[in-house]
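Q:
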Amino acid sequence: MTPEIQIFGPEGAKYELQKYLEDEGLAGHIVSMEDADKMTDLQIGIKVQQRFPTRSRFDLSWMNPSPPDGG
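Heads up: the sequence shown begins at 18 in the numbering used here, then just goes up one per residue.
1. So which of P27, G45 and M56 has the shortest CA-CA distance to P20?
2. Hey, could you find the ends of the alpha helix (DSSP H) E33 is sitting in?
3. The beta strand (DSSP E) that contains D54, what's its start and end?
4. Between Q35 and M50, which are expected to be in contact by the criterion C-beta below 8 Å, what is the C-beta distance as a whole number of angstroms?
5. How many whole angstroms separate the CB atoms of I24 and I61, which I take to be in contact at a CB cut-off of 8 Å?
Listed below in structure tokens is the structure:
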């Protein structure tokens with residue numbers, strides 16, 4: 018399986034990581050670059066699951082408990 022890399026984050030950091038990956042010969046594995054400022058762990062997990070739905074091994078249900086009945 019060919020590794021796929023999803024990069025998201027603040028502009029400066031995102032491009033520094035891209036440059037590093039290019040220098041390491043991994044540029045062809047970058048499948049997306051997106052702007053994202055502050056994100057919660059849940060938001061990050063959801064973004065990864067949306068990009069890699071069948072490969073995600075994250076169970077995030079514990080991070081977003083269902084609301085109590087009647088509410």
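C-beta: ideal position from N, C-alpha, C; glycine also.
Predicted model only: the values in this text are computed from it and were never measured.
A: Judging by the given coordinates:
1. Ranking the options by Cα distance to P20, first place goes to G45.
2. Secondary structure note for E33: its alpha helix (DSSP H) is the uninterrupted segment E28 to D40.
3. Where D54 is concerned, there is no enclosing beta strand (DSSP E), given that its DSSP letter is neither H nor E.
4. That pair is a contact at about 7 Å.
5. Going by Cβ atoms, the distance from I24 to I61 rounds to 12 Å, so no, they are not a contact pair.
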